[in-house]
Amino acid sequence: MLRYLKGTKNLRLHLGGGSEGLECFVDADWAGNESDRKSNSGQIIKFGGGVVSWATRKQNCVALSSTEAEFVALSEGCQEVLWMKKLLKDLAEDNSEPIVVWEDNQSCIKMVESDRIERRSKHIDTKHEFTKDLRQRGVIDLRYLPTDKMVADIMTKPLDRIKLERHRESLGVKTSIG
14 MLRYLKGTKN
24 LRLHLGGGSE
34 GLECFVDADW
44 AGNESDRKSN
54 SGQIIKFGGG
64 VVSWATRKQN
74 CVALSSTEAE
84 FVALSEGCQE
94 VLWMKKLLKD
104 LAEDNSEPIV
114 VWEDNQSCIK
124 MVESDRIERR
134 SKHIDTKHEF
144 TKDLRQRGVI
154 DLRYLPTDKM
164 VADIMTKPLD
174 RIKLERHRES
184 LGVKTSIG
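Listed below in structure tokens is the structure:
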């Protein structure tokens, strides 16, 4: 840990520089906590190309599959990005466009797009309906992002050095200038 801190002391979070609107990246591990097998959710929210919010937390329920763990993370990320959208509205920022939400689990995306709820996922029914409603009303634009490009991975699991540095760079964490 000390070696990592020493090696990253010149890194800084750089904001802005892009024209992108509000977007959210969500990810989950599956049963990552060995003591109770609860999963971890991670989310990163960007505005204008810069990271404005990030979080990782242990999920409240035990997910029965990786898709369910991702679905819980998706619901949590949507709740957070909605709060951010309301904050931006209070600051008079035009945010009528749908919020792009990036997810790397295609089964999770299919659950949101489907009218059917699987029997095994009824314990997450409210999260399903919440997220599905946001998509149907055009509040979110749920898109697939391949796992190797999912920057929220940095929030949920240990990464090898190459992935860590690539994700860190795409999040705007760069060497300070001067």
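In this note's numbering, each number is its position in the sequence shown, counted from 1, plus 13.
Idealized CB from N, CA, C, for every residue including glycine.
Measure the Cβ-Cβ separation of residue i and residue j and say whether it is below 8 Å.
i	j	result
V94	C37	yes
V64	M97	no
D117	P159	yes
S52	D42	yes
I167	L155	no
H27	K187	yes
L200	L101	Summary: the structure shown does not reach residue 200, with the chain confined to residues 14 through 191, and so no result is reported for it.
Between residue i and residue j, what straight-line distance do the alpha-carbon atoms span, to the nearest angstrom?
i	j	result
Q56	N73	16 Å
R25	R129	45 Å
V113	F60	11 Å
N108	G151	12 Å
K123	D103	33 Å
G1	S189	One cannot answer for residue 1 here, as it falls past the ends of the chain, which runs 14 to 191.
L147	L15	43 Å
R179	S48	31 Å
I58	A165	9 Å
S78	K19	38 Å
T139	K99	22 Å
E142	R181	33 Å
Per DSSP, which one or two residues make a beta bridge with residue i?
i	result
I58	C37, S66
K187	R25
L15	The partner list for L15 (beta bridge, DSSP) is empty, contrary to what the question assumes.
W115	F38, R156
K71	N53
For residue i, collect the residues of the same chain with a Cβ closer than 6 Å to its Cβ; drop the 5 residues on either side in sequence, then sort them by chain order.
i	result
I33	A quick correction: the sequence has Glu, not Ile, at residue 33. Around E33: G62.
A82	A41, W43, S52, A76
N23	T188, S189
W67	I57
Are the C-beta of residue i and some C-beta of chain B separated by less than 8 Å?
i	result
D154	Protein chains in the displayed structure number just one, and chain B is not present.
If I measure Cβ to Cβ from residue i and keep anything under 8 Å in the same chain, skipping five residues before and after, which residues do I get?
i	result
C121	T80, E83, F84, L87
Q119	Y157
S105	Per the sequence presented here, residue 105 reads as Ala, with Ser not at that position. Closer than 8 Å at Cβ, skipping near neighbours: no residue.
N221	In the structure as shown, the chain begins at 14 and stops at 191. Residue 221 is therefore absent and cannot be evaluated.
Can you give the beta carbon distance from residue i to residue j, rounded, assuming they're within the 8 Å contact cut?
i	j	result
E89	S54	5 Å
T69	T169	6 Å
In chain order, what residues of the same chain have a beta carbon less than 7 Å from the beta carbon of residue i, not counting five sequence neighbours either side?
i	result
I2	This structure gives no information on residue 2, because the portion of the chain shown stretches from 14 to 191.
R50	A44, V75
K145	V125
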